[in-house]
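What follows is a set of notes on a single structure, which appears directly below.
Residue numbers (my numbering): 146 to 403.
Take a look at the structure:
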């Protein structure tokens with residue numbers, strides 16, 4: 146499996162699509178507070194946490210996962226690895242691990258590093274509690290990994306990287322619309338049930354009150370999470386991620402690669 150991961154890493158670092166996705170989407174994620182017309186000199190750590198859009202990172206996950214898991218299936222070159230004596234599970238999990246490296250790790254970096262940089266430059270501020278932001282970001286890693294597993298399953302079912310990317314965009318869009326419909330019509334809050342909506346909940350802050358700081362009234366956001374959301378995030382991410390990998394591995398093991 147190590148050789149497969151090394152080969153996939155080499156292919157990824159020389160792939161213009163992956164590099165472009167990391168650069169363009171990563172940049173949009175970092176500068177996303179500008180979309181809310183917040184001047185750079187006001188980007189304290191807390192202001193950045195409140196106004197940065199972490200759901201953009203889903204598109205890094207989508208593009209890279211479907212590409213890594215699908216590029217050698219579209220043209221059947223994945224068969225060369227099998228003919229070289231690698232087991233199907235090694236071929237499968239080699240691509241899953243590569244997806245974690247190239248999609249999961251950059252997402253983690255893009256969540257924590259800008260937050261730390263702007264906190265060092267302008268201080269943390271007072272708009273939201275630091276400890277809960279860290280907890281939220283740590284929990285947000287779980288639905289990101291969950292979505293990687295789900296998109297990998299989609300790609301191994303479709304067996305075509307480009308088509309899987311397109312269907313992934315549709316998949317994410319449907320989940321966003323479905324979440325809105327359920328919350329509006331059924332009056333049920335979707336927190337941990339779906340990976341996409343789980344990330345949206347963990348990275349957004351809406352509950353605030355007014356406090357008195359430095360002689361003026363300011364909005365202070367409540368960033369705490371209900372225990373059910375924390376437990377649901379951990380359990381659902383582990384369960385759905387594990388099921389996706391299990392189904393994907395079994396399907397790939399039994400698939401006729403001709």
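Where is the CB? At the ideal position from N, CA and C, for every residue including glycine.
Here the structure is a predicted model, which is why all the values come from computation and not from measurement.
Neighbourhood of residue i by C-beta distance below 8 Å, restricted to the same chain and skipping five residues each side
| i | result |
| --- | --- |
| residue 299 | 211, 309, 312, 313 and 316 |
| residue 181 | 196 |
| residue 162 | 208 and 212 |
Proximity below 7 Å, CB of residue i to CB of residue j
| i | j | result |
| --- | --- | --- |
| residue 149 | residue 239 | yes |
| residue 202 | residue 174 | yes |
| residue 288 | residue 382 | yes |
| residue 204 | residue 170 | yes |
| residue 235 | residue 306 | no |
| residue 347 | residue 296 | no |
| residue 273 | residue 351 | no |
| residue 386 | residue 294 | yes |
| residue 188 | residue 263 | yes |
Reference residue i, options the options, closest by Cα
| i | options | result |
| --- | --- | --- |
| residue 209 | 266, 192, 180 and 250 | 250 |
| residue 259 | 247, 185 and 320 | 185 |
| residue 137 | 266, 223 and 213 | Residue 137 is absent from the structure shown; the chain starts at 146 and stops at 403. |
| residue 276 | 167, 392, 190 and 323 | 190 |
| residue 320 | 345, 270 and 297 | 345 |
| residue 343 | 165, 156 and 325 | 325 |
| residue 167 | 279, 254, 351 and 217 | 254 |
| residue 375 | 221, 207 and 281 | 281 |
| residue 301 | 252, 286 and 223 | 223 |
| residue 266 | 388, 193 and 279 | 193 |
| residue 198 | 257, 155 and 216 | 257 |
| residue 399 | 232, 329, 188 and 147 | 232 |
| residue 304 | 221, 318 and 172 | 221 |
| residue 227 | 146, 327, 390 and 160 | 146 |
| residue 207 | 318, 379 and 279 | 318 |
| residue 365 | 286, 379, 269 and 225 | 269 |
Bridge partners - residue i, DSSP secondary structure assignment
| i | result |
| --- | --- |
| residue 353 | 366 |
Same chain, Cβ closer than 6 Å to residue i, neighbours up to 5 away in sequence not counted
| i | result |
| --- | --- |
| residue 237 | 394 and 397 |
| residue 138 | The structure shown does not extend to residue 138, since the chain spans only 146 to 403, so no value can be given for it. |
| residue 217 | 223 |
| residue 448 | Outside the modelled stretch of the chain, which goes from 146 to 403, sits residue 448, for which no answer is possible. |
Own chain residues within Cβ distance below 7 Å of residue i, not counting five before or after
| i | result |
| --- | --- |
| residue 377 | 336 and 337 |
| residue 243 | 150, 153, 154, 157 and 213 |
| residue 200 | 344, 345 and 348 |
3-residue-minimum beta strand (DSSP E) runs that sit fully inside the region 223 to 272, ordered along the chain | You should have found no qualifying run.
Could you pull out every unbroken alpha helix (DSSP H) segment of at least 4 residues lying fully inside the region 174 to 221, listed in chain order?
-> Counting whole runs of 4 or more residues, the region 174 to 221 contains the alpha helix (DSSP H) stretches 190 to 196 and 202 to 219.
Which runs of the beta strand (DSSP E), 3 residues or longer, sit entirely within the region 285 to 330?
-> If we require 3 residues or more, the region 285 to 330 turns out to have no beta strand (DSSP E) run fully inside it.
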